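Numbering of the sequence shown is given in my numbering, commencing with residue 55 and proceeding in unit increments. Think of the CB as a built atom: it goes at the ideal place given N, C-alpha and C, for glycine as much as any other residue. Predicted model, so just to flag it, every value in this text is computed and none were measured. What follows is a single structure, written as structure tokens, with notes after it.
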Amino acid sequence: MNDYYPEGFKKDINICESKLMNLSVLIKAKEENRILESRVIMCDSERNMTVELGGIRGIIPREEGAIGIKEGVTKDIALISRVGRTVCFVVTDITNDKNGKLFALLSRKKAQEMCIEDKLSKLDIGDIIDAKITHLESFGAFCDIGCGNIALMPIDLISVSRISHPSDRFFVGQNIKAIIKNIDENNRITLSHKELLGSWEENIENFSVGQTVSGIIRSIEEYGVFVELAPNLAGLAEPKSDVKIGQRVSVYIKNIIPERMKVKLVIIDTFEQGTRPKLKYFYEGEKIEEFNYSPEQSEKQIFTKFY
Numbered sequence: 055m056n057d058y059y060p061e062g063f064k065k066d067i068n069i070c071e072s073k074l075m076n077l078s079v080l081i082k083a084k085e086e087n088r089i090l091e092s093r094v095i096m097c098d099s100e101r102n103m104t105v106e107l108g109g110i111r112g113i114i115p116r117e118e119g120a121i122g123i124k125e126g127v128t129k130d131i132a133l134i135s136r137v138g139r140t141v142c143f144v145v146t147d148i149t150n151d152k153n154g155k156l157f158a159l160l161s162r163k164k165a166q167e168m169c170i171e172d173k174l175s176k177l178d179i180g181d182i183i184d185a186k187i188t189h190l191e192s193f194g195a196f197c198d199i200g201c202g203n204i205a206l207m208p209i210d211l212i213s214v215s216r217i218s219h220p221s222d223r224f225f226v227g228q229n230i231k232a233i234i235k236n237i238d239e240n241n242r243i244t245l246s247h248k249e250l251l252g253s254w255e256e257n258i259e260n261f262s263v264g265q266t267v268s269g270i271i272r273s274i275e276e277y278g279v280f281v282e283l284a285p286n287l288a289g290l291a292e293p294k295s296d297v298k299i300g301q302r303v304s305v306y307i308k309n310i311i312p313e314r315m316k317v318k319l320v321i322i323d324t325f326e327q328g329t330r331p332k333l334k335y336f337y338e339g340e341k342i343e344e345f346n347y348s349p350e351q352s353e354k355q356i357f358t359k360f361y
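The following block contains the structure:
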């Protein structure tokens with residue numbers, strides 16, 4: 055049975071299939087139509103990919119490299135960029151080349167189509183899935199949600215705490231959890247993430263008035279400096295000169311006001327550029343229907359519905 059993980063996900067949990075492969079494994083996988091994964095070691099001038107198969111040469115022909123390549127919807131860069139990375143595939147044939155040497159014909163496109171039919175087409179809004187960050191743009195993060203099928207997570211859905219770029223929160227190759235936010239008429243999926251990072255109350259439990267803690271500057275305004283204390287929690291520090299966005303700071307917690315979701319801070323010291331904060335997921339279920347970030351007594355309510 056196929057699990058339809060994002061490409062490289064199984065490698066990251068220490069299942070390296072390329073080291074376990076041999077001819078009998080490939081023959082059985084072909085018979086069972088089972089998805090395998092391994093590393094691309096080369097993409098030739100015709101954009102055919104060579105895959106590491108434990109001593110047996112594996113070839114993914116260009117048009118089998120991804121959904122949309124044949125039609126021109128997907129560009130060849132999607133193939134070239136896989137060199138050195140893990141890809142999913144099914145074995146379509148085991149044969150000999152013109153020199154009589156054994157090799158396996160593979161299809162990544164077929165693995166992607168199987169993933170769509172058996173998994174992605176059955177997803178619903180609010181479902182929580184595994185995803186892997188594939189690349190980052192100013193407007194959002196692109197995520198592999200199964201066998202190289204890609205979905206977009208817009209920047210405003212990454213976290214409640216404001217960020218200037220998705221790289222403030224993620225890095226390419228990172229495994230994350232994501233929520234199905236929307237599925238359009240063309241079956242394109244939009245993802246959300248911020249609802250997994252906890253409500254204001256869940257995050258503020260780690261902080262109290264009088265503490266001095268570390269944070270990262272995310273925004274500088276005339277009236278103050280916004281400092282991220284956690285991925286879903288920021289506070290406002292008093293104005294201070296010679297600070298910059300992305301800088302790590304130590305801050306004194308002057309006051310916490312739940313009814314306004316405010317954390318008042320004073321910047322004590324500044325350091326070099328901040329590190330990316332570690333993600334902590336407060337919600338661990340398989341589906342979420344609604345999320346209320348705000349305390350009950352808050353004047354402002356930040357609410358998400360997944361239906």
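In this structure, residue 146 and residue 93 do not form a Cβ contact; the two beta carbons are roughly 19 Å apart against a cut-off of 8 Å. The C-beta of residue 138 has fewer than 16 other C-beta atoms within 10 Å across all chains shown, which makes the residue exposed. In the three-state reduction of the DSSP assignment, residue 75 falls in the coil class, being assigned neither a helical nor a strand state. Under the DSSP assignment, residue 275 falls in the beta strand (DSSP E) whose first and last residues are 266-275. Under the three-pair Cβ rule at 8 Å, the region 145-165 counts as touching the region 101-116.
The shortest CA-to-CA distance from residue 321 to any of 297, 208, 166, 343 is the one to 297. With respect to the 8 Å criterion, residue 221 and residue 174 are not classified as neighbours on the basis of their beta carbons. Taking 3 residues as the minimum length, the beta strand (DSSP E) runs contained wholly in the region 163-238 are 182-191, 194-198, 204-208, 229-237, in order along the chain. Between residue 134 and the set 119, 359, 148, the nearest pair of CA atoms involves 119. Taking the Cα positions, residue 309 is about 33 Å away from residue 233. By a beta-carbon distance limit of 8 Å, residue 299 contacts residue 273. Their separation comes to about 7 Å.
Of the residues assessed, residue 198 falls on the buried side of the cut-off, its CB having 16 or more other CB atoms within 10 angstroms.
Take the alpha-carbon of residue 231 and the one of residue 252: they are about 13 Å apart. With a minimum length of 3 residues, the unbroken runs of beta strand (DSSP E) contained wholly in the region 115-156 fall at 140-150. Excluding its 5 nearest sequence neighbours in each direction, residue 345 has C-beta neighbours in its own chain below 6 Å: 249, 358, listed in chain order. Bridge partners of residue 158 according to DSSP: 112, 148. Rounded to the nearest whole angstrom, the CA to CA distance from residue 256 to residue 266 is 19 Å.
Residue 305 holds the alpha-carbon nearest to the alpha-carbon of residue 294 among 316, 284, 91, 305. Taken atom to atom, the span from the alpha-carbon of residue 285 to that of residue 330 is near 9 Å.
As the crow flies, the alpha-carbon of residue 193 is around 50 Å from that of residue 153.
Looking at the DSSP output, residue 318 sits in a beta bridge with 290, 309. Counting the other CB atoms within 10 Å of its CB gives residue 122 a total below 16, which places it among the exposed residues. Under DSSP, residue 280 takes part in a beta bridge, and its partners are 273, 290. By the CB criterion at 8 Å, residue 354 and residue 315 fall inside the cutoff. Excluding five sequence positions before and after residue 188, the CB atoms of its chain that fall closer than 6 Å to its own CB belong to 196, 198, given in chain order.
Membership of residue 257 in the alpha helix (DSSP H) is indicated by the continuous run 254-258. Between residue 360 and residue 180 the beta-carbon gap is near 3 Å, inside 8 Å, which marks them as a contact. By the neighbour-count definition (other C-beta atoms within 10 Å, threshold 16), residue 275 is an exposed residue. Residue nearest to residue 201 within the set 219, 172, 178 is 172 (criterion: CA-CA distance). The beta carbon of residue 337 is closer than 6 Å to those of 250 in its chain, skipping five residues each way along the sequence. Take residue 83, set aside five residues on each side of it, and the residues of its chain with a beta-carbon closer than 6 Å to its own are 90, 145, in chain order.
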